Each structure stands twice: as structure tokens, then as C-alpha cells.
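All letters in the sequence shown, in the order written, are residues -22 to -1, 1 to 125 by mature numbering (1 follows the signal peptide of the UniProt record, and there is no 0).
Written out below as C-alpha cells is the structure these notes cover.
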Amino acid sequence: MTKIFPATAVFTALFAAGIAHAQDSGARDVGSMTPGDVASSANSAAQALTSAARDKLLVKDLLGASVKVPGGDTVGTVENLVVVPGGRVVAAIIATQSSETGRIPIPFASVKLSQASGKISMMLPASVSELTGTKEVQKLRDLVPGM
């Protein structure tokens, strides 16, 4: 059975509970937490994971995943993710199979993730040449560190 995951929803669910709680300006210093505080935090994390259990993904599962274009051809792999403060994934760095194209950043909100036989894959919204030809992706490439 193939599962389709809306990319932003998956990572929002995973990161929102833990990161938002950890970055809460009202949160106490970790050194001053009591065992009860730790238990409460663990319960919150467990509840967040339980509510998102059927759609949960780990970042490590996505790194190295195959990247496909409409039509099903594999064009590369997920090399890295661009994450902004607060834990939101804004782009995926794709290592393409073409030495001419190399690495390209793709807006994470525009991709679809799927899982079949335990393997994650990413579907791009268009061909690599169509994506790299847009000024928006070119601007994203200029803004992503290390591109």
C-alpha cells in the first residue's frame, strides 16, 4: 500500500510539539527541571507522536530518498533539508543525477512524499529543467547557504 504524506503537514506535526515546547520563552532552565517536569514533557511528546503516528517520518528516513518527477522517472536523491528557526522545513536540497544540473533547492511545500514497501520517495511538481528555469528557484538557490 502506498501512503501519500503532505510534506509540510508531516514535518509540522513532528517538529511543532517538541520544538515549540523547547523554545517556549516561559520554559524553565533544563537544569532546574524536576522529575515531574520531565515526565510532563515526555507525556506531551508521546501524545504528539501518538496523534501523528500513522503519518510520522523521521528526517533520517527522508535523507537519501529517491526523487521522482511526474511520469515516475527518478532524477536524484534528497541530500539535505533547509530548516528555519522554529523547525519548519522550507526546502529540500536535491542531488540530481545530471552533472550539468548538480544540486538544486526545491520548496518543500511543493513536493509530495510517499511511502511504499517501507521506502520514502519524493515527487517533484515538475521536471528538473522546468524547476531550475524559474526565477523563484534560482532566487532560492542564491539564498540557501552552501549552494
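All residues carry an ideal CB built from backbone N, CA and C; glycine is no exception.
For clarity, every value in this text was computed on a predicted model and none was experimentally measured.
#1: Can you list, in chain order, the residues of its chain whose CB lies under 6 Å from that of Val47, leaving out five sequence neighbours each side?
#2: Helix, strand or coil: how does DSSP classify Asp120 here?
#3: State the DSSP-derived secondary structure class of Leu59, mapped to helix, strand or coil.
#4: Roughly how many whole angstroms lie between the Cα atoms of Gln116 and Ile84?
#5: Identify the residues that DSSP records as bridge partners of Ala94: which are they?
#6: Going by DSSP in three states, Ala43 sits in which element: helix, strand or coil?
#7: Identify, in the order they occur along the chain, each residue of the same chain with its Cβ nearer than 6 Å to the Cβ of Asn58, setting aside the five sequence neighbours on each side.
The relevant details are as follows:
#1: Position 69 of the sequence shown holds residue 47. Taken in chain order, the residues that qualify are Val53, Leu102, Ser105.
#2: Here residue 120 refers to the residue found at position 142 of the sequence shown. Three-state result, Asp120: helix.
#3: Stepping through the sequence shown from its first residue, residue 59 is reached at position 81. Three-state result, Leu59: strand.
#4: Residue numbering aside, residue 116 sits at position 138 when the sequence shown is read from its first letter. Residue numbering aside, residue 84 sits at position 106 when the sequence shown is read from its first letter. If I take the Cα positions, the gap works out to 10 Å.
#5: As a position in the sequence shown, residue 94 is number 116, starting the count at 1. According to DSSP, Ala94 bridges with Lys97.
#6: In the sequence shown, the residue the question calls residue 43 occupies position 65. Looking at Ala43 - three-state DSSP - the assignment turns out to be coil, as it is neither helix nor strand.
#7: Position 80 of the sequence shown, counted from the first residue, corresponds to residue 58. Around Asn58: Ile71.
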